[in-house]
Amino acid sequence: MEKQEKGKAENLFSEIGRKIDEILENTKENREELKKDVKEKLVEVKKAKERLETEFQDFTSNRDGKWTQVKLHLDKALEEVKRALDSISKKN
């Protein structure tokens, strides 16, 4: 894996973390029911983000030729996180 790809992934993780924090801050201004729904989704998103970071760290430290399999899994998980964030953003 090139340093550039690793840097892109790390930047993506940071961006996701910032978006989660931003949405959490915005929920303070929303109705209680919406806050509850959004917070539940964000808990799921944070868990998915943490899983992705762990998998990414495992991969980068233990590369054994499984890049294609890991990349496919990471891409799927990232899309899931993006959809969840988009869904939350639309509710705000």
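Residue numbers (my numbering): 1 to 92.
Ideal Cβ placement from N, Cα and C applies to all residues, glycine included.
Fair warning: this is a prediction, and the values are worked out from it, not measured in the lab.
Cutting at 7 Å between CB atoms, please list the residues of its own chain near A9, excluding the five before and the five after it.
Locating residue 9 in the sequence shown gives position 9, counting from the first residue. Excluding positions up to five away in sequence, the list reads F56.
Just to confirm, is the Cβ distance from S89 to I23 under 8 Å?
Locating residue 89 in the sequence shown gives position 89, counting from the first residue. Locating residue 23 in the sequence shown gives position 23, counting from the first residue. Closer than 8 Å, so yes.
State buried or exposed for V45, treating a residue as buried only when at least 16 other CB atoms are found within 10 Å of its CB.
Along the sequence shown, read from residue 1 onward, the residue named residue 45 stands at position 45. Counting Cβ neighbours within 10 Å, V45 comes out buried, since at least 16 surround it.
Using a 10 Å radius around the Cβ and a threshold of 16 neighbouring Cβ atoms, would you call K76 buried or exposed?
In the sequence shown, the residue the question calls residue 76 occupies position 76. It counts as exposed.
Would you say F59 and V70 are within 8 Å of each other, going by their C-beta atoms?
To locate residue 59, count along the sequence shown from 1; it is residue 59. To locate residue 70, count along the sequence shown from 1; it is residue 70. Yes. Within cutoff.
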